[in-house]
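These notes are about the structure you will find just below.
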Amino acid sequence: MKKIWIILTTLAVSFIAMASVTTVSAAKPNYIIATDATYPPFDFQDSNNQYTGIDQEILKTIAKREGFTYTLKPMSFNAATQSVTSGQADGIIAGMSITDERKEVFDFGTPYYKSGIAWAVKKGSNIKSLSDLKGKTVALKTGTAGADYALSIQKQYGFKVTYFNDSDTLYNDVVNDNAQATFGDLPVLQYSIKNGTKLKVMNAKSPYESGWYGFAVKKGQNKQLLASFNKGYAAIKKDGTYDKIIKKYLGAPASDFTGKKSDNNSVLGILKANNGAFMRGLWQTLLLTILGIILASIWGVILGVMGVSQNSAVRGLSTTLIYIFRGLPLMVLAFFIYIGLPGVIGTKIPAFTA
Ligand code: ASN
1485 MKKIWIILTT LAVSFIAMAS VTTVSAAKPN YIIATDATYP PFDFQDSNNQ
1535 YTGIDQEILK TIAKREGFTY TLKPMSFNAA TQSVTSGQAD GIIAGMSITD
1585 ERKEVFDFGT PYYKSGIAWA VKKGSNIKSL SDLKGKTVAL KTGTAGADYA
1635 LSIQKQYGFK VTYFNDSDTL YNDVVNDNAQ ATFGDLPVLQ YSIKNGTKLK
1685 VMNAKSPYES GWYGFAVKKG QNKQLLASFN KGYAAIKKDG TYDKIIKKYL
1735 GAPASDFTGK KSDNNSVLGI LKANNGAFMR GLWQTLLLTI LGIILASIWG
1785 VILGVMGVSQ NSAVRGLSTT LIYIFRGLPL MVLAFFIYIG LPGVIGTKIP
1835 AFTA
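The C-terminal position of the sequence shown is numbered 1838 in my numbering, with every residue numbered one higher than the one before it.
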């Protein structure tokens, strides 16, 4: 019995040590900023796999001026907003429209770019008006203002909807005739069309719900970050840096900024283009596996020893624990720890620890 307690205490102490290491690193003045992985000209990877675009240059310039650092987390727009609301990320810059609904959950910085919602069809399509969408399929991007707008008129025009997480796949779905139209942000659609996507915007002169993009943090939190963003933004607006950034992306010949070349879609090409992320993922998986095997062995031995104990309470505890973990889908548990728990305890839990 004594030995079991020693092992249990050692285990508990090492977990606490691990947790405190995590807390210390989370307390560094380095913000985690979520962004949309593919949203040119605002957020996208250049040919060197570096994140670039209007949002990224604004953020980088402001961070330098205001003296903060950040770790960028590119993901789908929907995941990006969720990572901010769950406290996993501190802020989001992702061509994100400021809407009344979002203001309930986010605090927005100074609006930085005027946008609006447009609808588009495949070039040469015989769809001429919204009424022609009856019975047709409209491709939407999950969690976006464009999707919300389309849903608000769906009944009136009688179309079906299908969802995607990223803009590229979504546009391709329309180009490939799987869907007949899409609703999204006008500047993003126009940029994509300028770069060769075979779509046609139907209401370029009169976009719906026109409004502004804003940098956002979770409501009531990261006030310092928001204040720094606003201060830096005012400065780059004043000294002309902002105008330069906009001109660089929207005034330059389109072919200069097509982002990653999409002509290499082979498995090998995709692996090569994402080499860094792939190797990092592989390494993390390997580490997790080894650590998992070690910790699981220790834990298993403890439960096993407890299971043959003379004491029926200890035996019962072992059986109960085994049943609980056997019945729990571990992926759900990991998501719960990573996404759900930070909201309850108020501290970020890094993916690795989760
Ligand atoms: N413009 C979209 C929205 O505000 C965001 C995005 O797709 N990156 O909902």
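We put the CB at the ideal spot given by N, CA and C, even for glycine.
Residue i CB to nearest heavy atom of ligand 1 below 7 Å
| i | result |
| --- | --- |
| M1686 | no |
| I1581 | Reading off the sequence, residue 1581 comes out as Ser, not Ile. S1581: yes, Cβ under 7 Å from ligand 1. |
| V1824 | Val is not the amino acid found at residue 1824; the sequence shown has Gly there. Answer for G1824: no, Cβ out of range of ligand 1. |
| T1628 | yes |
| A1578 | yes |
| F1561 | yes |
| Y1523 | yes |
| K1832 | no |
| D1669 | yes |
| K1625 | yes |
| D1520 | yes |
Residue environment, residue i, which counts as buried when at least 16 other CB atoms sit within 10 Å
| i | result |
| --- | --- |
| I1833 | buried |
| W1603 | buried |
| E1541 | buried |
| A1818 | exposed |
| K1745 | The pLDDT assigned to K1745 is 46, lower than 50, so where the model puts this residue is not dependable; a value taken from the coordinates is nonetheless given after this. K1745 should be labelled exposed. |
| G1776 | exposed |
| I1829 | exposed |
| P1524 | buried |
| V1792 | exposed |
| L1654 | buried |
| F1526 | buried |
| A1835 | exposed |
| D1740 | Because the pLDDT of D1740 is 46, which lies under 50, any placement of that residue in the model is unreliable, and the question is left without a value. |
| I1601 | buried |
| T1555 | exposed |
| T1831 | exposed |
| Q1794 | exposed |
| P1513 | exposed |
| A1711 | exposed |
| L1635 | exposed |
| I1808 | exposed |
| V1701 | buried |
| N1706 | buried |
Beta-carbon proximity check, residue i vs residue j, cutoff 8 Å
| i | j | result |
| --- | --- | --- |
| A1631 | K1625 | yes |
| L1709 | S1599 | no |
| A1719 | R1586 | no |
| V1685 | G1579 | no |
| A1840 | S1581 | Since the first residue shown for the chain is 1485 and the last is 1838, residue 1840 is missing from the structure and cannot be characterised. |
| G1571 | P1826 | yes |
| A1797 | I1821 | no |
| I1546 | Y1717 | yes |
| Y1535 | Y1697 | no |
| V1659 | V1622 | no |
| F1561 | Y1515 | no |
| Y1692 | Y1633 | yes |
| T1519 | A1564 | yes |
| M1790 | L1779 | no |
| Y1641 | S1676 | no |
| V1589 | L1683 | no |
| L1771 | F1762 | no |
Cβ of residue i within 8 Å of any chain D Cβ
| i | result |
| --- | --- |
| V1605 | The chain inventory of the structure shown lacks chain D, comprising one protein chain alone. |
Whole-number beta carbon distance between residue j and residue i, since they are thought to touch under 8 Å
| i | j | result |
| --- | --- | --- |
| K1703 | D1591 | 5 Å |
| I1517 | G1575 | 5 Å |
| A1665 | K1620 | 7 Å |
| L1787 | L1812 | About 15 Å; that fails the 8 Å criterion. |
| K1618 | F1643 | 7 Å |
| T1569 | D1650 | At roughly 20 Å, the Cβ-Cβ gap does not stay under 8 Å, so T1569 and D1650 are not in contact. |
| N1533 | G1753 | Not really, about 13 Å apart at Cβ, beyond 8 Å. |
| I1577 | F1699 | 5 Å |
Closer than 7 Å: residue i CB and nearest ligand 3 heavy atom
| i | result |
| --- | --- |
| D1539 | Ligands present in the displayed structure are limited to ligand 1, and ligand 3 is not among them. |
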